[in-house]
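*Asks:* Numbered by my numbering, the letters in the sequence shown go through residues 68 to 332 in order.
Can you keep this structure in mind? I'll have questions shortly.
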Amino acid sequence: MLGTKLKTVISLVAVMSIAGAVSAYASTSSVLPKDLNKGGAVALIKADPKPATVQDQIDKLYASLKPGQVIAYYVKDPKLNPSDRISFAGRGFVFQKYNDYLAKIKNINAPSLAKPVSLPKGYTFKAGFLYPQNPDPTSALYEKLDKELKEQAAQGKNILYTKPLEVVEESSAVLTFVKNKVEVSVVASFVKPSDPIGGTPVPGSNPDQKTETLGINGVECTYTTELNGRDHLDWTDSANQVHYSISAKNAKMDVINFAKSMVKK
Numbered sequence: 068m069l070g071t072k073l074k075t076v077i078s079l080v081a082v083m084s085i086a087g088a089v090s091a092y093a094s095t096s097s098v099l100p101k102d103l104n105k106g107g108a109v110a111l112i113k114a115d116p117k118p119a120t121v122q123d124q125i126d127k128l129y130a131s132l133k134p135g136q137v138i139a140y141y142v143k144d145p146k147l148n149p150s151d152r153i154s155f156a157g158r159g160f161v162f163q164k165y166n167d168y169l170a171k172i173k174n175i176n177a178p179s180l181a182k183p184v185s186l187p188k189g190y191t192f193k194a195g196f197l198y199p200q201n202p203d204p205t206s207a208l209y210e211k212l213d214k215e216l217k218e219q220a221a222q223g224k225n226i227l228y229t230k231p232l233e234v235v236e237e238s239s240a241v242l243t244f245v246k247n248k249v250e251v252s253v254v255a256s257f258v259k260p261s262d263p264i265g266g267t268p269v270p271g272s273n274p275d276q277k278t279e280t281l282g283i284n285g286v287e288c289t290y291t292t293e294l295n296g297r298d299h300l301d302w303t304d305s306a307n308q309v310h311y312s313i314s315a316k317n318a319k320m321d322v323i324n325f326a327k328s329m330v331k332k
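Set out below in structure tokens:
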């Protein structure tokens, strides 16, 4: 399946005027010297219009989205979409001011995430983000969208079919903080049930990772050192079904200090 541009929010005001098939075309032009030796004029000759690829069309749809807008789309092509599933593209909200972020989360259903009362020394707020929640594959909304898009595809001759939808829940909230060149990201995401796995799961190992268990404010947390990326500390609030992750590169004590001001038993 083509990768969903997740970016993962809220009330949708008609994503464009596209509820059915979408078709996009790109044209190019070439320059042909009439007679360079005689200083003649240069003529512009348009090339034949070239149909855009399906991915080009999806990219164009995503680029046109405004914050809070989401579309469901279906690609009627067994080679491009071998699992025959619908996908989603959405654009989240970005906040440069913390008060704007707070005002937004008061009116929507989003994972609980607030700036720590006391930030580690030297850190300041940089930005906040809210990402949309795509319909769960087992939900009535997903089944409704799946049916509608495939019915349109059965009657049409195009490859890509789309439908705007209203999102009432955010899948994750992110706050970022900076100190000099160090950036710390704090992510809160709703815990979703995992898809059933057949057989007996086999524990995996990653030579580029090193994990350790830390007890912070009476809560068991896992700190993961990434040899080729950002380290992160994770824990889950089981009562509210929210997973938290704090990440940074080469700033272990800062990450732990952020966690100490956030983790609650």
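Even for Gly, the Cβ is constructed at its ideal location relative to N, Cα and C.
1. Quick one: what's got a C-beta closer than 7 Å to K230's C-beta in the same chain, skipping five residues either side?
2. Please tell me whether K331 and V258 are closer than 9 Å, where the distance is taken between their beta carbons.
3. Apart from the five residues just before and just after P187, which ones in its own chain have a Cβ nearer than 7 Å to its Cβ?
4. Could you work out which residue in R152, V254, Y190 is closest to T205 when comparing CA atoms only?
5. Per DSSP, which residues does V241 bridge with? Please list them.
6. In whole angstroms, what is the alpha-carbon distance linking L232 and Q136?
7. Drop a sphere of 10 angstroms on the beta-carbon of G178, count the other beta-carbons inside from all chains shown, and report buried for 16 or more, exposed for fewer.
8. Below 8 Å CB to CB, which residues in the same chain sit around P134 once its five sequence neighbours on both sides are set aside?
9. If S238 sits next to Y198, beta carbons under 8 Å apart, how far is it from one beta carbon to the other, in whole angstroms?
10. Roughly how far, in whole angstroms, is the beta-carbon of A318 from the beta-carbon of V254, given that I think they are within contact range, below 8 Å?
11. Along the chain, where does the beta strand (DSSP E) that runs through K133 open and close?
12. Indicate the three-state DSSP secondary structure (helix, strand or coil) for K211 in the structure shown.
13. Measuring CB to CB, does L180 end up less than 9 Å from V241?
14. My output table needs one value for K316: the three-state DSSP class, helix, strand or coil.
15. Taking C-beta to C-beta, are G195 and Y165 nearer than 9 Å?
16. Considering only the beta carbon of each residue, do L294 and K316 sit closer than 9 Å?
17. If you draw a straight line from the C-alpha of Q163 to the C-alpha of G296, how long is it?
18. For A156 and T303, I'd like the C-alpha separation in whole angstroms.
19. In chain order, which beta strand (DSSP E) runs of at least 3 residues are fully inside the region 111–189?
20. For N284, is the classification buried or exposed, using 16 other Cβ atoms within 10 angstroms of its Cβ as the cut-off for buried?
21. Under three-state DSSP, which class holds D275?
22. Roughly how many angstroms separate the alpha carbons of Y209 and K127, rounded to a whole number?
23. Closer than 7 Å by C-beta to V82: which residues in its own chain qualify, once you throw out the five before and the five after it? Chain order, please.
24. Taking only beta-carbon positions, decide if K327 is within less than 9 Å of chain D.
25. Tell me the residue span of the beta strand (DSSP E) that contains T289.
26. By the 10 Å Cβ neighbour count, where 16 or more other Cβ atoms means buried, how is Q222 classified, buried or exposed?
*Replies:* Reading off the structure:
1. A86, I138, A139, L212, E215, L216
2. no
3. D321, N324, F325
4. R152
5. F196, V254
6. 8 Å
7. The sequence given here has Pro at residue 178, not Gly. Buried, by the Cβ-count rule.
8. V76, R158, G159, F160, V161
9. 5 Å
10. Going by Cβ atoms, the distance from A318 to V254 rounds to 16 Å, so no, they are not a contact pair.
11. Run containing K133: none; DSSP gives neither H nor E here.
12. helix
13. yes
14. coil
15. yes
16. no
17. 25 Å
18. 27 Å
19. 137–142, 154–157, 160–162
20. exposed
21. coil
22. 23 Å
23. For V82, the predicted model reports a pLDDT of 32, less than 50, meaning its position is unreliable; a value from the coordinates is still stated below. Counting only Cβ-Cβ distances below 7 Å, and skipping sequence neighbours, we find L132, Q136, I138, P231.
24. This model lacks chain D altogether; it includes just one protein chain.
25. 286–293
26. exposed
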